[in-house]
Structures are given as C-alpha cells and as structure tokens.
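Worksheet: one structure, shown below.
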Amino acid sequence: MNPAAPADGAPLGCVADVLAAARRAGVARLDAQLLLTHHLRRTRAWLLAHDDAPIESPIAATLRDALARRAAGEPLAYVIGMQSFRGLALQVGTGVLVPRPETEVLVEWALERLAACHSGSDTSVVDLGTGSGAIALAVKQARPDTAVCATDRSAAALAMARRNALQLGLDVELVQGDWWGCLEGRRFTLALANPPYVAESDPHLSLLQHEPQDALTPGGDGLDALRAIVAAAPAHLLPGAWLLLEHGHDQPEAVRSLLVGRGFQQVETRVDLAGLARCTGGVWPGDTDSILRSSAELPRRAAL
Ligand code: GLN
Numbered sequence: 010m011n012p013a014a015p016a017d018g019a020p021l022g023c024v025a026d027v028l029a030a031a032r033r034a035g036v037a038r039l040d041a042q043l044l045l046t047h048h049l050r051r052t053r054a055w056l057l058a059h060d061d062a063p064i065e066s067p068i069a070a071t072l073r074d075a076l077a078r079r080a081a082g083e084p085l086a087y088v089i090g091m092q093s094f095r096g097l098a099l100q101v102g103t104g105v106l107v108p109r110p111e112t113e114v115l116v117e118w119a120l121e122r123l124a125a126c127h128s129g130s131d132t133s134v135v136d137l138g139t140g141s142g143a144i145a146l147a148v149k150q151a152r153p154d155t156a157v158c159a160t161d162r163s164a165a166a167l168a169m170a171r172r173n174a175l176q177l178g179l180d181v182e183l184v185q186g187d188w189w190g191c192l193e194g195r196r197f198t199l200a201l202a203n204p205p206y207v208a209e210s211d212p213h214l215s216l217l218q219h220e221p222q223d224a225l226t227p228g229g230d231g232l233d234a235l236r237a238i239v240a241a242a243p244a245h246l247l248p249g250a251w252l253l254l255e256h257g258h259d260q261p262e263a264v265r266s267l268l269v270g271r272g273f274q275q276v277e278t279r280v281d282l283a284g285l286a287r288c289t290g291g292v293w294p295g296d297t298d299s300i301l302r303s304s305a306e307l308p309r310r311a312a313l
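Right under this line is the structure:
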C-alpha cells in the first residue's frame, strides 16, 4: 500500500488534500491545521494562503498516520509529541497526562505566593506527581532563583520530566516516589500538586482513555490522592508554607474541609479560566512545637 495515501485512496499531494482527508476522517479542521503547521514547520497564516503547497511523500506518510491516530481519539498532544504549557514547549507521550491550561491557574497562584512571601535563596518548592514536569518547570522558569523539586512514582513520567528539564535548560531536582514518600525529613516553603482526582464513576473518564488512568483517577470518589497529600503535608512544610492543590470542579468544599481539618489556615479556592472552582490551598501555620521553638529563638536572634 502506498504509505502516502489515506485509507480512502486519495493522495495527500498538497495541503488541501490533507485538509480534505481530515474532514473525511472526522478530524477537526483546527487539529488538521495544527498537524500541518507542526510537520511542515509553517505558521497557520502561511497554511491558510497555501492550499496548493505540495507535500513531500515522507511527510505525507507521517500526516496520514497522524490523522488516523487523531481520528481514533488520541490527544493531539500525543500525536504531535508536544504540548505548550505557560509558554513552555513540553514533550509529552502516553506515559504522562497532557498538561491542561487550567493547571496554569495553580502555577500563577504559586508565583503570586512566592512573590509575596519569599526571596529566592531560601525558597524551596515541591511539585508532587509532576508527570511531564509542567508545573515544576513553569515555576523554575519564572523563578530561577528558587530550588524546585518534583516527584513522581512513575519512572516513565520522571524520564519525560527529565528530558523536558534538559531540553529547556531548567535545573529541577527529580525524585521517584509516591507523594511525600520519597521526601523523608525534607520541608518546603511551597508545595503544589495536580494529583489524580477524577471519580471512578465519572463518565468523563471514558473520553480520556488514551491518557494514563492512574494520573487521572485514584478510584472511588476521586479524593484519595488529595487526602493522602493533605494528611502527610505538615511533616514536609515549613511554618508559613502554602499547599496549593488542583481538584475537580465539584470538589472545592471537600478539599477545603480536608485542609481546615488538618490545621491549615487562610484556606481559599480559585477558579480557572472557565470559571470553575479548580484549585484550593492554605497556609501551614507550623505545629505547636515548632511555633514554640521559633518564638524561643526570637530573642536570641534579635540579640545577634
Ligand atoms: N483536569 C483533568 C481532566 O478532567 C484531570 C486531571 C487530574 O485528574 N489531575 O481532564
């Protein structure tokens, strides 16, 4: 079979042929245009003016395969192998969740907290369950003066995060383990996570079957990963540290009550660009012991 011909036999000789083949395969025109701009290394403006531009046969073969994958429901980001997140071009593949625009809200909030509370040199940030590295890398890019650590229990995800860190020249520490499990004895000034939170029974899950299911749902009501992160957080947070969590649009009350129940203060929820409750966070005041310790140290510090 000619690899440059779509399933219905028509050749993919020029841009218009690819757009027509996409339409026949049920692939959205925008997705087809994005595939074309990616593989032809052209802008969309160029594409719109060059319907008759010829396509070389190896590229036509790649596009034919890409159209088939997209038609089968694979996320465009996997088909292209890239996803943009807060201006960073990240490599993505089937081992990691495709970074979503709504997660940028979490990063903006983190940067706000860093700007308000910390000068860089004493600042340590952790991103739990980093996947492609999106959150950790976006924080590091915006605040190169902070020490950023990222964890994931998946070796495949960490390998992807490492590739992205190298490619972008961003120095992020990557540690393998479950949530806080690999961070014994370490405390941070800011902690972030976009854990799996989709409920097992959510019909939305079946639309996301190409992505790693354990990055999307912890099973049950969808809150188990958030529960585990909040429960163990105090042992890893310095007094005054913020814990910011992404969650489902129907979970803000549940996450607020987890945080309040664990002793967090100033607990609040932020909405995403669609106006959906998307992130909840709070500040860890410090445990009683450490508060007493630090107040006992104050006069000595003042006397120095
Ligand atoms: N926001 C994603 C979705 O619903 C889920 C991401 C997650 O579970 N962390 O598509």
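The sequence shown maps to residues 10 to 313 in our numbering.
Where a beta carbon is used, it is the ideal one built from N, C-alpha and C, also for glycine.
task = Whole angstroms is fine: what's the gap from Ala81's alpha carbon to Pro221's?
result = For this step, residue 81 is matched to residue 72 along the sequence shown. For this step, residue 221 is matched to residue 212 along the sequence shown. If I take the Cα positions, the gap works out to 17 Å.
key: DSSP-derived helix/strand/coil call for Pro67   = What you label residue 67 is simply residue 58 of the sequence shown in a count that begins at 1. The answer is helix: DSSP assigns Pro67 an H, G or I state.
request  = Could you tell me which residues DSSP pairs with Arg279 in its beta bridges?
outcome  = Against the sequence shown, residue 279 aligns to sequence position 270. DSSP lists Cys288 as partners of Arg279.
task = Return the Cβ separation of Ala147 and Arg73 in integer angstroms, given the expectation that the two are a contact with Cβ distance under 8 Å.
result = Within the sequence shown, the letter at position 138 stands for residue 147. Within the sequence shown, the letter at position 64 stands for residue 73. So it is not a contact: roughly 34 Å between Cβ atoms.
message = When you compare the segment 191 to 203 with the segment 241 to 261, are there three or more beta-carbon pairs, one atom per stretch, that lie closer than 8 Å?
response = yes
Trp188, enclosing alpha helix (DSSP H) - first and last residue = Here residue 188 is taken as the residue at index 179 of the sequence shown, counted from 1. Careful: Trp188 lies outside any alpha helix (DSSP H) and carries neither H nor E.
message = I'd like to check one pair, Trp188 with Ala329: are the Cβ atoms closer than 8 Å?
response = Residue 329 lies beyond the range of the chain shown here (10 to 313); nothing can be said about it.
ask   = Who are the Cβ neighbours of Asp296 in its own chain at under 7 Å, not counting the five residues just before and after it?
value = Translated into the one-based positions of the sequence shown, residue 296 becomes position 287. So the list reads Pro243, once near-sequence residues are dropped.
query = Is it the case that the CB of Glu111 approaches a heavy atom of ligand 1 more closely than 7 Å?
reply = Here residue 111 corresponds to residue number 102 of the sequence shown, with the count starting at 1. Glu111: yes, Cβ under 7 Å from ligand 1.
key: beta-carbon Pro212 near ligand 1 non-hydrogen atom, thresh 7 Å   = Position 203 of the sequence shown, counted from the start, is the residue given in the question as residue 212. No; taking the cut-off as 7 Å, the Cβ of Pro212 has no heavy atom of ligand 1 nearer than that.
request  = Excluding the 5 residues preceding and the 5 following Arg122 in the sequence, name in chain order all residues of the same chain whose CB lies nearer than 7 Å to its CB.
outcome  = Against the sequence shown, residue 122 aligns to sequence position 113. Excluding positions up to five away in sequence, the list reads Leu199 and Trp251.
ask   = Near Asn203, which residues of its chain fall below 6 Å by C-beta distance, leaving aside the five closest residues on each side in sequence?
value = Counting from 1 along the sequence shown, the entry for residue 203 is found at position 194. Cβ neighbours of Asn203 beyond the five flanking positions: Thr112 and Glu255.
task = Pick helix, strand or coil for Ala202, following the three-state DSSP scheme.
result = Taking the first residue of the sequence shown as 1, we reach residue 202 at position 193. Correct three-state label for Ala202: strand.
ask   = Is it a yes or a no for the segment 60 to 71 touching the segment 101 to 121, going by three-plus beta-carbon pairs under 8 Å?
value = no
ask   = Using the C-alpha atoms, what's the distance from Leu167 back to Thr160?
value = Counted from its first residue, the sequence shown places residue 160 at position 151. Counted from its first residue, the sequence shown places residue 167 at position 158. Their Cα atoms are separated by approximately 8 Å.
message = Just to confirm before moving on: does the CB-CB distance between Ala286 and Val280 stay below 8 Å?
response = In the sequence shown, counting from the first residue as 1, residue 286 sits at position 277. In the sequence shown, counting from the first residue as 1, residue 280 sits at position 271. Cβ distance < 8 Å, so Ala286 and Val280 count as in contact.
query = According to DSSP, is Val134 helix, strand or coil?
reply = Looking up residue 134 in the sequence shown gives position 125. Strand, per DSSP.
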